[in-house]
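Residue numbers (the numbering used here), protein chains in the order written: chain L, 2 to 234; chain A, 204 to 320. Just so it is clear, CB atoms sit at the ideal spot from N, CA and C, and this is done for glycine as well.
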Amino acid sequence: MINNKRVLAVLPAFNEAATVGEVVAELRGELSGVDILVVDDGSTDATGEVARAAGATVARLPYNLGVGGARRLGYRYAATHGYDVVVQMDADGQHDPRYVPKLVDALDEADLVIGARFAGEGDYQVRGPRRWAMAMLSVVLSRVARTRLTDTTSGLRATGPRATELFAAWYPVEYLGDTVETVVYAARRGIAIRQVPVAMRPRAAGLPSHSAVKAAVYLFRAMLILFLALVRR
Amino acid sequence: MRLTVLTALAGLVVLGAILELLRRRRLREKYAILWLAVGLVVVPLGFFPRLLDGLADALGIANGVSLVLFLAFVFLLLVCVHLSWETSQLEEETRTLAEEVALLRAEFEAERVHDQQ
């Protein structure tokens, strides 16, 4: 419970046995009244067992769906179990649980709250095509959502009942669709969107990709997804 | 004349293959009708390759064979698009099933833990 709201934290995890235990333990320590659902996205390692041992509820997908599929499962679980708020986070430890109450508070005036870097908090930096992609997404999506959004690809989000119901029924499975397309879809259906400044931590395991080719591919995919999101009904 | 033998044989083989698949219930009805229609168009054209020369001429295409090639290409393209559409739908269905299975398993395990306590 945060402010008398039943809150479910959803963490999609694919082969993250190395970090998921610690992340769940930290979440439980920082946010005592929050239920935690780890969606084991068809992992081949012990992700599910580790998460369960750390005290999370685990829903295990029979095969790897990708992060969008795992997230929709989280929303469906929340919708069928009557949660007031869903907080979606990453299982690699880059999202700081201390920001969760801020996100939940912001739901008083919005249905979808995005925890955003580049909004005054933290010192996260990106360069090159990846930065252009993020800047383009920010400009277009801010206009669509009629609010300032500086970090539309952030995976740290909180949803109220309306957005939860919407995302339980519809959530894209494609890469980037899960962040970009959801904003367009929700905004067009009258969901109020806000952002809350957050700082993110370096990932507990694994490295973010920095190659130029990957960044260019990212820019291209971001443009494609954005175009599709805008023309799709 | 030899060309006609080749095309006629090809047409008969196509029709035969479709009928056999239908007989063994390997094709769903919605596809069966489509492919049967294709077979019924291909066979007469196989026996009389010049059948469409008149129509081709009216459309400004050099000869009937070119017209058939053009139509076949467009048709196959549409079939490919249709199959992409079908697989997209199937993927969406299997995704929903996978989610359902995960939900049920989580439910079941919660129940079992509850019973043990």
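Report task. Taking the CB atoms as reference points, tell me whether Ala230 of chain L and Val185 of chain L lie closer together than 8 Å. Result -> Residue 230 of chain L sits at position 229 when you count from the first residue of the first sequence. Residue 185 of chain L sits at position 184 when you count from the first residue of the first sequence. Yes, Cβ-Cβ distance for Ala230 of chain L and Val185 of chain L is below 8 Å.
Query raised in the report: When the cut-off is 8 Å and only beta carbons count, does Leu293 of chain A lie next to chain L?
Result: Locating residue 293 of chain A in the second sequence gives position 90, where the first residue counts as 1. Judged by the 8 Å Cβ criterion, Leu293 of chain A is not in contact with chain L.
Query raised in the report: What three-state label does DSSP hand Gln95 of chain L in the structure shown?
Result: Within the first sequence, the letter at position 94 stands for residue 95 of chain L. Of the three classes helix, strand and coil, the one that applies to Gln95 of chain L here is coil, per DSSP.
Query - Cβ distance (whole Å) where Leu9 of chain L is taken to contact Asp41 of chain L below 8 Å - result: Position 8 of the first sequence, counting from 1, holds the residue named residue 9 of chain L. Position 40 of the first sequence, counting from 1, holds the residue named residue 41 of chain L. Not quite, the Cβ-Cβ distance comes to about 16 Å (not below 8 Å), so this is no contact.
Query raised in the report: Taking all protein chains shown into account, do 16 or more other C-beta atoms lie within 10 angstroms of the C-beta of Phe168 of chain L, making it buried, or fewer, making it exposed?
Result: The count along the first sequence starts at 1 and reaches residue 168 of chain L at position 167. Under this definition Phe168 of chain L is a buried residue.
Requested in this report: Only counting runs of 3 or more residues, tell me where the beta strand (DSSP E) segments fall wholly within the stretch 46 to 91 of chain L, in order along the chain.
Outcome: 58 to 61, 86 to 89
Report task. Express the C-alpha separation of Leu225 of chain L and Ala164 of chain L in angstroms, rounding to a whole number. Result -> Numbered from 1 along the first sequence, position 163 holds the residue referred to as residue 164 of chain L. Numbered from 1 along the first sequence, position 224 holds the residue referred to as residue 225 of chain L. When rounded, the distance between both Cα atoms is 24 Å.
Report task. Could you say if the stretch 10 to 29 of chain L and the stretch 42 to 54 of chain L meet the contact criterion of at least three C-beta pairs nearer than 8 Å? Result -> yes
Query - Member of L:Ser33, L:Leu32, L:Asp112, L:Val59 whose CA lies at the smallest distance from the CA of Ala305 of chain A - result: Here the question's residue 305 of chain A lines up with position 102 in the second sequence. Of the candidates L:Ser33, L:Leu32, L:Asp112, L:Val59, the one whose C-alpha sits nearest the C-alpha of Ala305 of chain A is L:Val59.
Report task. For chain L, find out if any of its Cβ atoms is closer than 8 Å to the Cβ of Leu272 of chain A; answer yes or no. Result -> Here residue 272 of chain A refers to the residue found at position 69 when the second sequence is read from its first residue. No, because no Cβ of chain L sits closer than 8 Å to the Cβ of Leu272 of chain A.
Report task. For Leu224 of chain A, collect the residues of the same chain with a Cβ closer than 6 Å to its Cβ; drop the 5 residues on either side in sequence, then sort them by chain order. Result -> Position 21 of the second sequence, counted from the first residue, corresponds to residue 224 of chain A. Hits under 6 Å: Leu230.
Query raised in the report: Quick one: what's Gly116 of chain L bridged to in DSSP?
Result: As a working note, residue 116 of chain L is residue 115 in the first sequence. Answer by DSSP bridge pairing, in chain order: L:Val197.
Query raised in the report: Does any CB atom of chain L fall closer than 8 Å to the CB of Ala301 of chain A?
Result: Numbered from 1 along the second sequence, position 98 holds the residue referred to as residue 301 of chain A. Yes, contact with chain L.
Query raised in the report: Going along chain A in order, which residues have a C-beta closer than 8 Å to the C-beta of Arg77 of chain L?
Result: As a first step, residue 77 of chain L is located in the first sequence; it is residue number 76 there, counting from the start. In chain order: Glu302, Leu306.
Query - 7 Å Cβ cut-off: residues of chain A touching Tyr64 of chain L - result: Position 63 of the first sequence, counted from the first residue, corresponds to residue 64 of chain L. Those are Ala301, listed as they occur along chain A.
Requested in this report: Check whether the Cβ atoms of Gly267 of chain A and Val246 of chain A sit closer than 8 Å, and answer yes or no.
Outcome: Here the question's residue 267 of chain A lines up with position 64 in the second sequence. Here the question's residue 246 of chain A lines up with position 43 in the second sequence. No. Outside cutoff.
Query raised in the report: What is the residue span of the alpha helix (DSSP H) that Thr160 of chain L lies within?
Result: For the purposes of this step, residue 160 of chain L is identified with residue 159 of the first sequence, where counting begins at 1. Where Thr160 of chain L is concerned, there is no enclosing alpha helix (DSSP H), although the beta strand (DSSP E) it sits in stretches over 158 to 160.
Query raised in the report: Lys215 of chain L bridges to which residues according to DSSP?
Result: As a first step, residue 215 of chain L must be located in the first sequence, where it is residue number 214. Looking at the DSSP assignment, Lys215 of chain L forms no beta bridge with any residue, so it has no partner.
Query - Segment limits, alpha helix (DSSP H) that includes Ile236 of chain A - result: Indexing the second sequence from 1 puts residue 236 of chain A at position 33. Residues 232 to 250.
Query raised in the report: Got a sec, what are the start and stop residues for the beta strand (DSSP E) Val11 of chain L sits in?
Result: One-based indexing of the first sequence puts residue 11 of chain L at position 10. From DSSP, the beta strand (DSSP E) with Val11 of chain L extends over 8 to 14.
Query raised in the report: Per DSSP, what kind of secondary structure is Ile221 of chain A in: helix, strand or coil?
Result: The residue labelled residue 221 of chain A in the question sits at position 18 within the second sequence. Here Ile221 of chain A sits in helix by DSSP.
Query raised in the report: Within this structure, are the beta carbons of Leu108 of chain L and Ile192 of chain L separated by less than 8 Å?
Result: Position 107 of the first sequence, counted from the first residue, corresponds to residue 108 of chain L. Position 191 of the first sequence, counted from the first residue, corresponds to residue 192 of chain L. Taking 8 Å as the Cβ cut-off, Leu108 of chain L and Ile192 of chain L do not qualify as a contacting pair.
Query raised in the report: Where does Ile226 of chain L sit, in a helix, a strand or coil, going by DSSP?
Result: Along the first sequence, read from residue 1 onward, the residue named residue 226 of chain L stands at position 225. Looking at Ile226 of chain L - three-state DSSP - the assignment turns out to be helix.
Report task. Throw me the rounded Cβ distance for the Gly75 of chain L and Val87 of chain L pair, which I believe falls under 8 Å. Result -> The residue given as residue 75 of chain L occupies position 74 in the first sequence. The residue given as residue 87 of chain L occupies position 86 in the first sequence. At roughly 7 Å, the Cβ-Cβ gap stays under 8 Å, so Gly75 of chain L and Val87 of chain L are in contact.
Query - Start and end residues, alpha helix (DSSP H) containing Asp36 of chain L - result: Counted from its first residue, the first sequence places residue 36 of chain L at position 35. Not the alpha helix (DSSP H): Asp36 of chain L falls in the beta strand (DSSP E), residues 36 to 41.
**Report entry** Gly207 of chain L to Arg132 of chain L span [Cα, whole Å]
**Finding:** Here residue 207 of chain L refers to the residue found at position 206 when the first sequence is read from its first residue. Here residue 132 of chain L refers to the residue found at position 131 when the first sequence is read from its first residue. Its pLDDT being 48, under 50, Gly207 of chain L is placed unreliably in this model, and the coordinates cannot settle the point.
Query raised in the report: Can you check whether the CB of Gly69 of chain L is closer than 8 Å to the CB of Val174 of chain L?
Result: Translated into positions along the first sequence, residue 174 of chain L becomes position 173. Translated into positions along the first sequence, residue 69 of chain L becomes position 68. Yes, Cβ-Cβ distance for Val174 of chain L and Gly69 of chain L is below 8 Å.
Query raised in the report: So which of A:Leu248, A:Leu279, A:Ser287, A:Leu255 has the shortest CA-CA distance to Leu212 of chain A?
Result: Position 9 of the second sequence, counted from the start, is the residue given in the question as residue 212 of chain A. Nearest C-alpha to Leu212 of chain A: A:Leu248.
Query raised in the report: Of all Cβ atoms in chain A, is any one closer than 8 Å to the Cβ of Ala52 of chain L?
Result: Counting from one through the first sequence, the residue named residue 52 of chain L turns up at place 51. It does not; no Cβ of chain A falls within 8 Å.
Query - Nearest-angstrom Cα separation, counted from Tyr64 of chain L out to Pro98 of chain L - result: As a first step, residue 98 of chain L is located in the first sequence; it is residue number 97 there, counting from the start. As a first step, residue 64 of chain L is located in the first sequence; it is residue number 63 there, counting from the start. Pro98 of chain L and Tyr64 of chain L: Cα-Cα distance of roughly 28 Å.
**Report entry** Proximal residues of chain A, C-beta to C-beta of Arg73 of chain L below 7 Å
**Finding:** As a first step, residue 73 of chain L is located in the first sequence; it is residue number 72 there, counting from the start. Under the 7 Å cutoff, chain A gives Glu302.
Requested in this report: Mind reading off the beta-carbon distance from Val51 of chain L to Val21 of chain L? Whole number of angstroms is fine, and I expect it under 8 Å.
Outcome: Looking up residue 51 of chain L in the first sequence gives position 50. Looking up residue 21 of chain L in the first sequence gives position 20. That belief holds up - the Cβ atoms of Val51 of chain L and Val21 of chain L are roughly 5 Å apart, short of 8 Å.
Query raised in the report: So is Ser155 of chain L buried or exposed if we call it buried at 16+ other beta carbons inside 10 Å?
Result: As a first step, residue 155 of chain L is located in the first sequence; it is residue number 154 there, counting from the start. Ser155 of chain L comes out buried.
**Report entry** C-alpha distance - Gly242 of chain A paired with Lys233 of chain A, whole-angstrom precision
**Finding:** Locating residue 242 of chain A in the second sequence gives position 39, counting from the first residue. Locating residue 233 of chain A in the second sequence gives position 30, counting from the first residue. Rounded to whole angstroms, Gly242 of chain A to Lys233 of chain A spans 15 Å at the Cα level.
Query raised in the report: How would you list, in chain order, the residues of chain L whose beta-carbon sits under 9 Å from the beta-carbon of Ala313 of chain A?
Result: Counting from one through the second sequence, the residue named residue 313 of chain A turns up at place 110. Those within 9 Å of Ala313 of chain A in chain L are Thr58.
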